[in-house]
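Structure record follows, encoded as C-alpha cells.
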Amino acid sequence: MPFEIMSGSQAAAAAVQRTGVDLVVAYPITPQTAIVETLANYDAKGELGCDFVSVESEYAALACCYGAAAAGARVFTATASHGLAYMHEMIHWCSGARVPIVMANVNRTIGAPWCLDPDQGDSLSQRDTGWMQIYCSGAQEVFDITMQAFLLSEELLLPCMVVFDGFYISHTYEAVDVPEQDAGRNFIGPPSFKAQIRPGSPANMHGLTTGDNQIHLIRNRHDTMLRAPEVFQRINAKFKETFDRSYGIIDSVIPPGVKTVFLAAGATAETVRWSLPKLKEAGLIQLRMFRPFPCADLRSVLEAHDVEKVIVIDRNCSTGMGGIFAQELRSAVYDLKKPPAVQDIILAGGIDLTYEMLESILREAKTEEHVEQKWGVDLK
Amino acid sequence: MRIEEMNREPEMLYAGHNACPGCGAALAVRYLTKALGANLALVLTASCWSIITGMPPLTALKCPILHCPFPSAGSVGSGVRRGLNVKGMHDTTVVVLAGDGGTFDIGLQALSGAAQRNEDYIFVCYDNEAYMNTGMQTSSATPFGARTNTAPYPLFKEGQKKDIMRIMAAHSVPYAATATVAFPEDLENKLKKAQEIRGFRFIHILSPCPPGWGTESSDTIHLSRLAVSTGFFPLYEIINGVSWKMTCQPEGKRTPLKDYLSSQRRFKQMEDIRVDALQEEVDHDWEMLMERIAASKGCE
Numbered sequence: 001m002p003f004e005i006m007s008g009s010q011a012a013a014a015a016v017q018r019t020g021v022d023l024v025v026a027y028p029i030t031p032q033t034a035i036v037e038t039l040a041n042y043d044a045k046g047e048l049g050c051d052f053v054s055v056e057s058e059y060a061a062l063a064c065c066y067g068a069a070a071a072g073a074r075v076f077t078a079t080a081s082h083g084l085a086y087m088h089e090m091i092h093w094c095s096g097a098r099v100p101i102v103m104a105n106v107n108r109t110i111g112a113p114w115c116l117d118p119d120q121g122d123s124l125s126q127r128d129t130g131w132m133q134i135y136c137s138g139a140q141e142v143f144d145i146t147m148q149a150f151l152l153s154e155e156l157l158l159p160c161m162v163v164f165d166g167f168y169i170s171h172t173y174e175a176v177d178v179p180e181q182d183a184g185r186n187f188i189g190p191p192s193f194k195a196q197i198r199p200g201s202p203a204n205m206h207g208l209t210t211g212d213n214q215i216h217l218i219r220n221r222h223d224t225m226l227r228a229p230e231v232f233q234r235i236n237a238k239f240k241e242t243f244d245r246s247y248g249i250i251d252s253v254i255p256p257g258v259k260t261v262f263l264a265a266g267a268t269a270e271t272v273r274w275s276l277p278k279l280k281e282a283g284l285i286q287l288r289m290f291r292p293f294p295c296a297d298l299r300s301v302l303e304a305h306d307v308e309k310v311i312v313i314d315r316n317c318s319t320g321m322g323g324i325f326a327q328e329l330r331s332a333v334y335d336l337k338k339p340p341a342v343q344d345i346i347l348a349g350g351i352d353l354t355y356e357m358l359e360s361i362l363r364e365a366k367t368e369e370h371v372e373q374k375w376g377v378d379l380k
Numbered sequence: 381m382r383i384e385e386m387n388r389e390p391e392m393l394y395a396g397h398n399a400c401p402g403c404g405a406a407l408a409v410r411y412l413t414k415a416l417g418a419n420l421a422l423v424l425t426a427s428c429w430s431i432i433t434g435m436p437p438l439t440a441l442k443c444p445i446l447h448c449p450f451p452s453a454g455s456v457g458s459g460v461r462r463g464l465n466v467k468g469m470h471d472t473t474v475v476v477l478a479g480d481g482g483t484f485d486i487g488l489q490a491l492s493g494a495a496q497r498n499e500d501y502i503f504v505c506y507d508n509e510a511y512m513n514t515g516m517q518t519s520s521a522t523p524f525g526a527r528t529n530t531a532p533y534p535l536f537k538e539g540q541k542k543d544i545m546r547i548m549a550a551h552s553v554p555y556a557a558t559a560t561v562a563f564p565e566d567l568e569n570k571l572k573k574a575q576e577i578r579g580f581r582f583i584h585i586l587s588p589c590p591p592g593w594g595t596e597s598s599d600t601i602h603l604s605r606l607a608v609s610t611g612f613f614p615l616y617e618i619i620n621g622v623s624w625k626m627t628c629q630p631e632g633k634r635t636p637l638k639d640y641l642s643s644q645r646r647f648k649q650m651e652d653i654r655v656d657a658l659q660e661e662v663d664h665d666w667e668m669l670m671e672r673i674a675a676s677k678g679c680e
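Below, the structure written as C-alpha cells:
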C-alpha cells in the first residue's frame, strides 16, 4: 500500500474519499478548513464521487447532514471550536433522532478572546450530547478511525465525532498508509441503515412526545452507546485483517513494575508515548474513546498493573472544577479496592506539552506529597 | 383548478388533528398537500404545526414528516432533498413548512442559504403574524399596531412587517408567490405551478389565527378575503426575482383597511392616527407593487 505524506486534516479528507460517502457538507473554520478544502479538491478533480455542498454556517452544515441522513444518505462534515459550539442544538438533535453521521472536530480553544490553540474544551463541552467521541493522536490514526467511524455510527445509529488536536495533528505532515479507493470502499460497503423518510409511507419522525416516552428513548440511546466498545472492537478486528493496523478503546503502555502512569488523549498521548523510554518508571494510558467512557477497560488495566498514581494530562478545564478527563477518571475508579491517586495537569488554552514538562511532572509526583491539580504554567 | 375539482382530490390531512377551530394554517396545509399529491416529504420546524401533526407514532398527515429544530428548516430541507436524490427519488416533492417565526426571524439565515443555493424544494411559510404556538408573541411578521403578549396594551408592535417577498425576490429564486386560504384555487394553482419548476420555490401563505388575532373561528375565511381586498396581503407571484404578476386581484376599489382591523382583538384600542399610518403603509406598498408589476411586463 502506498504511503503518502499528508497532514491530519488531509488524512481525514482522504479517509472520507476512500470510504465512499453520499454527501459532504462544508463550512470553513480554522484549523479545520483543510479538511473541506481537500474534499473540494477531490471534487474538482472528479475524484470525490459524491454530492458536495458549501452551506452558510456550521449550524446549517449539521442540519443538512441530519436531513440527508434521515433520507438514508451517508454523510460527513467537519468543524472546530466555535463552529462546534454553534452546532450545539443540532448536535443534541441528531443523536436524539438516531441518525448516523460522522463529523471530524479539530480541537481549538473557544473564545473570548480569540485563540487558535488546541484546547479540547470544544469537543468536551459536547460530552453530554449523545455523540460518540474518539480522540486521535496522529494522521494515520485519523485516517483509520474516520473510516471505521462510519461503520460504528451506522451500526449503532448514533452520530460519531472523530476528534484531533488543531495544528499538532491537523497541520502536521506525516507518512500515512493510504489504501486504494477500492480497498476502502470494499471495507466499508454501502450504507446499511434504514432511511427514516420514505416517500409514500407516512411517519411522524421526532414530533412532540412526553417525558414518559422520552425516558425510554434516552435509556435506549444510553444502552446502545454502551455497546460501542464491543462494536468498535469487532470493526477494528476486521480492519486489522484488511489493513494490518488496529486500535483499542484505550491503549496502554505500562512496563512491568511501573506504578505511575500518564493518561492522555490526542496529541499529548503521542508526546508521552515518545517520552516514555527516556522518562523511565512511567507508563501511558491513551484514552481513545471518550464517549462512551471506557470505565471497564480503565478499571481493569489499572487493577492489573496495580497502578498507584495516574497523572492526567488535561488540555482543557471545566471552570469551577478542573480538567475533564481527570474528573471522568476519578468517577470511574473511585470504588476500586485500591483506587489510584489521580493528579490533574491542566494545559488549558491548548498550551504545548514538552518532554521537560513531563520530566518535571514525574519528578514532583515521586518526590512531593500528592497534589490533586496543577496548572501547566506552574510547572518548574 | 376549480374548487369542485379540488374537493375530489384525495385528502392528505386526517380528521382528528390538533389544530384550533378555524385555524388558517391547518386549512393551508390541507390545500397544499391536496395540490402536491402523495409523493411528498415534509420537513417541519418548530411551530403550531409541530403540535397539529399529533404525537408520534400518530400522525395527522398522509406523508412522511421530519421534525427539525427551530432555526434549521431551510438547511434540513436541503439535506432531505439531496439525500432523496442520492436514493434516486428525484420525483418526490420536498416541502419545508415553517411559521413566520421559523421563516422571517430565527429561520431566515437557513432560508437565505437554501434560496441562494437554489436548493430544489418548496419552502412554505404559513404566516399567522406572531409566535402563536407559544401564545402570541411579536415576530418580525407582526403588522404595525398589533398588540401581542410581548407588546401588551398600551404597547403595540412598532415598525413595519418585514417584506419577506422582496427578500426572496432579491435571491432571484425561480418562483415565489403569496397565497391565502380564502382563495384556495389560487393557492392550489400556485403550488401546482411551483411543483413543475425545479430549484428553490417559496410560498407565503397568510393564515388567520382565531385565538391569536382575537377573532371568531368562523371569521377565518372572511378575514383572509378582507386581507386581500384591502390590499394588506395582495396575491401575486414573482418569477426569477424579476417578473412580478398579480394573480387574483379583487374587482373595483380596495376596501378600507379599518374594515379588516376592526374585528380583530389584536388591533382593538388602535388609535385612529395609527390606523391611518398603517393604511398609508398599505397604500404605499400597493403602489410599489403595482410599479414593480408594470415594470416587469414582458420580462418573464
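Here the protein sequences line up with chains G and V, keeping their order. To convert, note that position 325 of the first sequence is 325 in my numbering; the numbers rise steadily by one, no gaps. To convert, note that position 45 of the second sequence is 425 in my numbering; the numbers rise steadily by one, no gaps. All residues carry an ideal CB built from backbone N, CA and C; glycine is no exception.
- Against chain V, a Cβ distance below 7 angstroms from GLY72 of chain G picks out GLY463, LYS467.
- Under a 10 Å Cβ-count criterion, TYR168 of chain G is classified as buried, with 16 or more other Cβ atoms of the shown protein chains found around its own Cβ.
- If you draw a straight line from the Cα of TYR394 of chain V to the Cα of ALA440 of chain V, it comes to about 5 angstroms.
- At least one CB atom of chain V sits nearer than 8 angstroms to the CB of CYS64 of chain G.
- Contact holds between the segment 415–426 of chain V and the segment 465–480 of chain V, because three or more Cβ pairs, one in each stretch, are under 8 angstroms apart.
- Here DSSP, grouped into helix, strand and coil, assigns TRP274 of chain G to helix.
- For SER455 of chain V, a Cβ of chain G is located within less than 8 angstroms of the residue's own Cβ.
- For LYS238 of chain G, the uninterrupted alpha helix (DSSP H) run begins and ends at 228–243, by DSSP.
- The C-beta distance from THR129 of chain G to ILE101 of chain G rounds to 12 angstroms, too long to fall under 8 angstroms, and the pair is not in contact.
- Per the Cβ contact rule, the segment 350–363 of chain G is in contact with the segment 108–128 of chain G (3 or more Cβ pairs under 8 angstroms).
- ALA14 of chain G and ALA149 of chain G have their C-alpha atoms spaced approximately 14 angstroms apart.
- DSSP places ASP182 of chain G inside the alpha helix (DSSP H), whose first and last residues are 181–188.
- Within chain G, the residues GLY207, LEU208, THR209 have their CB atoms less than 7 angstroms from the CB of MET435 of chain V, given in chain order.
- Exposed is the label assigned to GLY468 of chain V, since fewer than 16 other Cβ atoms lie within 10 Å of its Cβ.
- Between GLN540 of chain V and chain G, the shortest Cβ-Cβ separation is not below 8 angstroms.
- Each residue's CA atom was taken as its position, placing GLU303 of chain G and GLY323 of chain G some 23 angstroms apart.
- With distances taken between CA atoms, GLY46 of chain G lies nearest to G:GLN17 out of G:LYS240, G:GLN17, G:CYS136.
- Secondary structure at ASN105 of chain G: strand, using DSSP grouped into helix, strand and coil.
- Assignment of beta-bridge partners to CYS505 of chain V by DSSP yields V:ALA478, V:HIS584.
- Look at the beta carbons and you see the segment 445–462 of chain V touching the segment 488–501 of chain V: at least three pairs across the two are nearer than 8 angstroms.
- Secondary structure at HIS470 of chain V: coil, using DSSP grouped into helix, strand and coil.
- Around the beta-carbon of THR319 of chain G, fewer than 16 other beta-carbon atoms lie within 10 Å, marking it exposed.
- With three or more CB-CB distances shorter than 8 angstroms, the segment 587–599 of chain V counts as touching the segment 404–413 of chain V.
- Rounded to whole angstroms, the gap between the alpha carbons of TRP375 of chain G and LEU279 of chain G is 20 angstroms.
- Residues are counted here when their Cβ sits less than 8 angstroms from a Cβ of chain V; for the segment 177–210 of chain G these are ALA195, GLN196, ILE197, ARG198, PRO199, GLY200, SER201, PRO202, ALA203, ASN204, MET205, HIS206, GLY207, LEU208, THR209, THR210, given in chain order.
- For GLY283 of chain G, there is no enclosing alpha helix (DSSP H); the residue is found in the beta strand (DSSP E) stretching over 283–287.
- The continuous beta strand (DSSP E) containing PRO444 of chain V extends over residues 444–448.
- If one requires a minimum length of 4 residues, the alpha helix (DSSP H) runs lying completely within the segment 487–566 of chain V are 488–496, 544–550, in chain order.
- Taking GLU154 of chain G as the centre and dropping the five residues before and after it, the same chain places the C-beta of ARG74, PRO100, PRO191, SER192, PHE193 closer than 8 angstroms to its C-beta, in chain order.
- Between the alpha carbons of VAL312 of chain G and ALA69 of chain G lies a gap of roughly 37 angstroms.
- Residues of the segment 638–649 of chain V with a C-beta atom less than 7 angstroms from some C-beta of chain G do not occur.
- Counting along the chain, no beta strand (DSSP E) covers VAL36 of chain G; the unbroken alpha helix (DSSP H) around it starts and ends at 33–44.
- Inclusion of SER125 of chain G and GLN133 of chain G in the CB contact set at 8 angstroms is not warranted, their separation being larger than that value.
- Shown here, LYS309 of chain G sits in a strand according to DSSP, grouped into three states.
- The distance from the Cβ of SER7 of chain G to that of TYR173 of chain G is about 5 angstroms, consistent with a contact at the 8 angstroms cut-off.
- Under the Cβ distance rule, CYS448 of chain V counts among the residues neighbouring chain G, one pair being separated by less than 8 angstroms.
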